[in-house]
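Novice:
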Amino acid sequence: MVDSFAVLIIVSTIASGIRLATPFLLASLGEALGQRSGVLNLGVDGVMLIGAFGAYYTVLQTNNPYLGLLVGIGVGVIMGVFYGFITLYLQAEQGVSGIGIYLFGLGMSDLLFQKFVGTPRPILPFMPLHFPVLSDLPVVGEMLFQHSIIVYIAFGLVPVMGFILKHTTYGLNIRAIGENPEAADSLGVSVTATRYSAIIIGNSLAGLAGAALAIELGIFQQNLTNAMGFIAIALVYFGAWSPKGVMIGSLVFGLVQAIVLQCKTFGVIPRSASDLAAMAPAIITILALVVVAKRFKQPSALTKPYVRGS
Amino acid sequence: MRKLRLCLSALLVAAMVIAPATLMAAGKALRVAIIAPSAQNDLAFTQSIVDGIKAIQKEREIELAITDGTFIVEDAAAAIRDYAKKGFDLVIAHGSQYGGSLKEIAPDFPETAFAWGTSADTFGLANVSSYEAASDEGGYVMGVMAAAMSKKGGVGVIGPIEVGDAKLYVNGFVNGAKAQNPKIRAKVNYIGSFSDVALAAEAAKAHMAAGADVLTGTAQMVVGAIGAARAKRVPWFGTQANQTSLAPEIVVASQVYKWEVVLKQIIADMDKGVKGGKKYGINLANEGIVIEFNDGYKLDPAVKELGMKTIAGIKDGSIKTGNATP
Numbered sequence: 126m127v128d129s130f131a132v133l134i135i136v137s138t139i140a141s142g143i144r145l146a147t148p149f150l151l152a153s154l155g156e157a158l159g160q161r162s163g164v165l166n167l168g169v170d171g172v173m174l175i176g177a178f179g180a181y182y183t184v185l186q187t188n189n190p191y192l193g194l195l196v197g198i199g200v201g202v203i204m205g206v207f208y209g210f211i212t213l214y215l216q217a218e219q220g221v222s223g224i225g226i227y228l229f230g231l232g233m234s235d236l237l238f239q240k241f242v243g244t245p246r247p248i249l250p251f252m253p254l255h256f257p258v259l260s261d262l263p264v265v266g267e268m269l270f271q272h273s274i275i276v277y278i279a280f281g282l283v284p285v286m287g288f289i290l291k292h293t294t295y296g297l298n299i300r301a302i303g304e305n306p307e308a309a310d311s312l313g314v315s316v317t318a319t320r321y322s323a324i325i326i327g328n329s330l331a332g333l334a335g336a337a338l339a340i341e342l343g344i345f346q347q348n349l350t351n352a353m354g355f356i357a358i359a360l361v362y363f364g365a366w367s368p369k370g371v372m373i374g375s376l377v378f379g380l381v382q383a384i385v386l387q388c389k390t391f392g393v394i395p396r397s398a399s400d401l402a403a404m405a406p407a408i409i410t411i412l413a414l415v416v417v418a419k420r421f422k423q424p425s426a427l428t429k430p431y432v433r434g435s
Numbered sequence: 003m004r005k006l007r008l009c010l011s012a013l014l015v016a017a018m019v020i021a022p023a024t025l026m027a028a029g030k031a032l033r034v035a036i037i038a039p040s041a042q043n044d045l046a047f048t049q050s051i052v053d054g055i056k057a058i059q060k061e062r063e064i065e066l067a068i069t070d071g072t073f074i075v076e077d078a079a080a081a082i083r084d085y086a087k088k089g090f091d092l093v094i095a096h097g098s099q100y101g102g103s104l105k106e107i108a109p110d111f112p113e114t115a116f117a118w119g120t121s122a123d124t125f126g127l128a129n130v131s132s133y134e135a136a137s138d139e140g141g142y143v144m145g146v147m148a149a150a151m152s153k154k155g156g157v158g159v160i161g162p163i164e165v166g167d168a169k170l171y172v173n174g175f176v177n178g179a180k181a182q183n184p185k186i187r188a189k190v191n192y193i194g195s196f197s198d199v200a201l202a203a204e205a206a207k208a209h210m211a212a213g214a215d216v217l218t219g220t221a222q223m224v225v226g227a228i229g230a231a232r233a234k235r236v237p238w239f240g241t242q243a244n245q246t247s248l249a250p251e252i253v254v255a256s257q258v259y260k261w262e263v264v265l266k267q268i269i270a271d272m273d274k275g276v277k278g279g280k281k282y283g284i285n286l287a288n289e290g291i292v293i294e295f296n297d298g299y300k301l302d303p304a305v306k307e308l309g310m311k312t313i314a315g316i317k318d319g320s321i322k323t324g325n326a327t328p
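As you go down the protein sequences, you meet chains A and B in turn.
Residue numbering for the first sequence follows the working numbering, beginning at 126 and increasing consecutively.
Residue numbering for the second sequence follows the working numbering, beginning at 3 and increasing consecutively.
(1) Quick check: what's the CA-CA separation for lysine 306 of chain B versus serine 121 of chain B?
(2) Chain B beta carbons: is any one of them nearer than 8 angstroms to that of serine 399 of chain A?
(3) Could you tell me whether the Cβ of isoleucine 344 of chain A comes closer than 8 angstroms to any Cβ of chain B?
(4) Specify the secondary structure class of histidine 255 of chain A as computed by DSSP and reduced to three states.
(5) Buried or exposed, going by whether 16 or more other CB atoms sit within 10 Å of the CB of threonine 294 of chain A?
(6) Skipping 5 residues on each side, what residues in its chain have a beta carbon closer than 7 angstroms to that of valine 316 of chain A?
(7) Taking CB distances under 8 angstroms as the criterion, tell me whether isoleucine 275 of chain A reaches chain B.
(8) Touch check for the segment 219 to 232 of chain B and the segment 196 to 205 of chain B: three-plus C-beta pairs under 8 angstroms?
(9) Distance check for leucine 286 of chain B and methionine 144 of chain B, CA to CA, integer angstroms please.
(10) Counting only the same chain and skipping the five closest in sequence on each side, list residues whose C-beta sits under 8 angstroms from that of glycine 315 of chain B.
(11) Tell me, which residues are paired with serine 132 of chain B by DSSP?
(12) Per the contact definition of three or more C-beta pairs closer than 8 angstroms, is the segment 349 to 364 of chain A in contact with the segment 142 to 153 of chain A?
(13) Between which residues of its own chain and isoleucine 94 of chain B is the CB-CB distance below 6 angstroms, once the five residues before and five after are set aside?
(14) Would you list the residues sitting across from alanine 181 of chain B in a DSSP beta bridge?
(15) Could one say the Cβ of phenylalanine 391 of chain A lies closer than 8 angstroms to chain B's Cβ atoms, at least one of them?
(16) Helix, strand or coil: which one does DSSP assign to threonine 24 of chain B?
(17) Taking the alpha carbon of leucine 269 of chain A as the reference point, which residue from A:Leu282, A:Leu254, A:Val283 has its own alpha carbon closest?
(18) So which of B:Val190, B:Asp215, B:Ser195, B:Ala227 has the shortest CA-CA distance to alanine 206 of chain B?
(19) Classify arginine 420 of chain A as buried or exposed, calling it buried when 16 or more other Cβ atoms lie within 10 Å of its own Cβ.
(20) Rounding to the nearest angstrom, what Cα-Cα distance links isoleucine 408 of chain A and valine 263 of chain B in this structure?
(21) Under 7 angstroms Cβ-Cβ, which residues of chain B neighbour asparagine 305 of chain A?
(22) Quick one: is alanine 27 of chain B buried, meaning 16 or more other Cβ sit within 10 Å of its Cβ, or exposed?
(23) So is asparagine 191 of chain B in contact with chain A if we call contact Cβ pairs under 8 angstroms?
(24) Give the straight-line distance between the Cα atoms of isoleucine 55 of chain B and asparagine 351 of chain A, rounded to the nearest whole angstrom.
(25) With 7 angstroms as the limit, tell me which residues of the segment 38 to 51 of chain B have their beta carbon closer than that to any beta carbon of chain A; keep them in chain order.
(26) Does the beta carbon of glutamine 382 of chain A come closer than 8 angstroms to any beta carbon on chain B?
(27) Relative to the C-alpha of glycine 209 of chain A, which residue among A:Asn348, A:Leu338, A:Ala323 is closest?
(28) Determine the DSSP secondary structure at glutamate 63 of chain B, reduced to helix, strand or coil.
(29) In the structure shown, what three-state DSSP assignment does methionine 147 of chain B receive?
(30) Tell me leucine 32 of chain B's beta-bridge partners as DSSP assigns them.
(31) Any chance the segment 161 to 180 of chain A sits against the segment 217 to 229 of chain A, with 3 or more Cβ pairs inside 8 angstroms?
(32) Please classify phenylalanine 47 of chain B: is it buried, with 16 or more other beta-carbons within 10 angstroms of its beta-carbon, or exposed?
(33) Assign tyrosine 100 of chain B to one of two classes, buried (16 or more other C-beta atoms within 10 Å of its C-beta) or exposed (fewer than that).
(34) Check distances from the C-beta atoms of the segment 63 to 76 of chain B to those of chain A and list, in chain order, the residues that come in under 7 angstroms.
(35) Are at least three pairs of beta-carbons, each pair with one atom in the segment 184 to 197 of chain B and one in the segment 232 to 249 of chain B, less than 8 angstroms apart?
What follows is the structure in structure tokens.
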């Protein structure tokens, strides 16, 4: 019989992995949508940071975390409009403009924080939800049914986005534009409008990811995301541009982080190897990427600006 | 007329020679630059040095420039070089990770005084001073009190990377906890990052799930861990700066760095023409480290008394922190 303390630790580790995976999942889902339409956004982390600050400041002023989430989404929409204008109308090189968005987000979020807040002040975080019966189930209850609302929103978006991409005209248009924009255009699909919408939705999810992070932690500080946005981009490749794959990638990354943390807590990983172990999630992601990259093809038109007739 | 011109010229030359020295003696603004890894109001490591120099500003005219948020060492190196080029009198590289950069840059600017920490290494350079905090002393005091407070017999520590004052603090805390209760489960989790707030929060949750009912942590990312502890009402011991404002209901006490103690010594030595080559330190005895209790936390008077006795013991040398990895 498995020791009850061991069960408690396993449950706690899996719950921790799910929490850690959530911001990655939200940002990756948004990035996957953009990439399926042919647009790479390396500025995810910057959008997350501004979304995080917007949400944090809103909650600080209103004590309403739900309003904070909405502001995070709104900030993402604005950043999406901005990024779409740069990449679709100005036809800027996507890699460079994405890095520009990242640097803008990093600097602007810190500037706004210093200007309007200064010293970190705690905000009202999300409380775990309590589902009748389910939350009280032994083992499974704590593992799956005692998370905050943002966890369920993130994982709930996976089938929604999968359905949209596979079974709706809009999803078909996105996939077609990502593979062959000329053909889609010749069939009357507006490449610019469709890509613009995908960018805006993608950025709004990045803003939501930042908001979720700040509110879940109940705090904001400089560079809060700690480059999570870049990991989220890698997870899109890991997940082969599918919502389900992205979810699996996010969960693997989050769970490896949680397992490493638990192993350190219990001394399974010696302190001398502590820094090395901290790299484990990144190393596993890179190894998986190497395997996945060989098996799946990225959208053919990814990073290629579209100009009719060119 | 010629004599008058000669007299005026002599006066002018004398004024030019004497004026700089007079201005220096009268307290000419000292130009000091700080380069630090996180925000200057992080309630932790960076804020401690900024508070230190601001304390000296009350007594002496100082032109202060701060470049904070330089998590990336290359950015910090560029800032260090830039301040030296601009002729700042004292350039402070506040982070153990900046040592390699400073070792390369300092020889190019022999007229500039550099200080860095936390470290005891001056690289044998005449214009580099180092400073460190005996954070093991405050850590030991906190550890003793934490062990006395723990009902489950478990305390948890969240650290960044096992270097500098973080390592000293963590070792001191664990040694103090074990000195108070040899059976205590004192678990340490170095998360491998100074800036990953989310991971620090999860490390705190992992400690609590493993039975820790008193927590502590060091470096900028602990704001996440404090939030996690606050949600479960688990007592927290802070370090580097007073962290009470982050969670007034759970912060028991904070070890606060008063870097002005070493900064005053460095500046006094600079006034004497010594630009570096010396090691400085703060500790409980020289009051560069102080333990600030949170008056809003209902601490058992016996535990506080235990803490005060431990402070006194470390100051008079009767208690040793056993500064080694437990």
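Cβ atoms here follow ideal geometry from the backbone N, Cα and C, with glycine treated the same way.
Note that the structure is a prediction, hence the values are computed from the model and not measured.
Specialist: Result, derived from the coordinates:
(1) Those two C-alpha atoms are separated by around 31 angstroms.
(2) At least one chain B Cβ lies under 8 angstroms of serine 399 of chain A.
(3) Between isoleucine 344 of chain A and chain B, the shortest Cβ-Cβ separation is below 8 angstroms.
(4) If DSSP states are grouped into helix, strand and coil, histidine 255 of chain A belongs with coil.
(5) Looking at its Cβ environment, which holds fewer than 16 other Cβ atoms inside 10 Å, threonine 294 of chain A is exposed.
(6) Cβ neighbours of valine 316 of chain A beyond the five flanking positions: Ile302, Pro306, Ala309, Asp310, Tyr431.
(7) Not closer than 8 angstroms to any Cβ of chain B, the Cβ of isoleucine 275 of chain A fails to qualify, so no.
(8) Yes: at least three Cβ pairs fall under 8 angstroms.
(9) Cα to Cα, methionine 144 of chain B sits roughly 13 angstroms from leucine 286 of chain B.
(10) Result list for glycine 315 of chain B: Ile321, in chain order.
(11) In DSSP, serine 132 of chain B forms a bridge with B:Trp118, B:Lys281.
(12) They touch, by the three-pair rule.
(13) Excluding residues within five positions, the ones whose Cβ falls inside 6 angstroms are Ile36, Ala117.
(14) Paired residues: none, contrary to the question.
(15) For phenylalanine 391 of chain A, the answer is yes, since a Cβ of chain B falls inside 8 angstroms of its Cβ.
(16) With a pLDDT of 42 at threonine 24 of chain B, under the threshold of 50, the predicted position of this residue should be treated as unreliable, though the coordinate-derived value follows. In the structure shown, the three-state DSSP call for threonine 24 of chain B is helix.
(17) Minimum Cα distance to leucine 269 of chain A is reached at A:Leu254.
(18) Nearest to alanine 206 of chain B by alpha-carbon distance, out of B:Val190, B:Asp215, B:Ser195, B:Ala227, is B:Ala227.
(19) When all chains shown are included, arginine 420 of chain A counts as exposed.
(20) When the Cα atoms are used, isoleucine 408 of chain A and valine 263 of chain B turn out to be separated by approximately 44 angstroms.
(21) None at all; the shortest Cβ gap to chain B is about 39 angstroms.
(22) Bear in mind that the predicted position of alanine 27 of chain B carries a pLDDT of just 43, short of 50, making it unreliable; the figure below should be weighed with that in mind. Around the beta carbon of alanine 27 of chain B, fewer than 16 other beta carbons sit within 10 angstroms, so the residue counts as exposed.
(23) At least one chain A Cβ lies under 8 angstroms of asparagine 191 of chain B.
(24) Roughly 28 angstroms between the two C-alpha positions.
(25) Taking 7 angstroms as the Cβ-Cβ cut-off against chain A, the residues of the segment 38 to 51 of chain B that qualify are Ser40, Ala41, Asn43, Asp44, Leu45.
(26) Interface flag for glutamine 382 of chain A against chain B is set, since a Cβ pair is found closer than 8 angstroms.
(27) Selected option, being the one with the closest Cα: A:Ala323.
(28) Glutamate 63 of chain B falls in the coil class under three-state DSSP.
(29) Note: methionine 147 of chain B maps to helix in three-state DSSP.
(30) Per DSSP, B:Ile64.
(31) Touching, per the Cβ criterion.
(32) The residue in question, phenylalanine 47 of chain B, is buried, as its Cβ has 16 or more Cβ neighbours within 10 Å.
(33) The residue in question, tyrosine 100 of chain B, is buried, as its Cβ has 16 or more Cβ neighbours within 10 Å.
(34) Within the segment 63 to 76 of chain B, contact with chain A at the beta-carbon level (separation under 7 angstroms) is assigned to Gly71, Phe73.
(35) The answer is no - the segment 232 to 249 of chain B does not touch the segment 184 to 197 of chain B, with fewer than three Cβ pairs under 8 angstroms.
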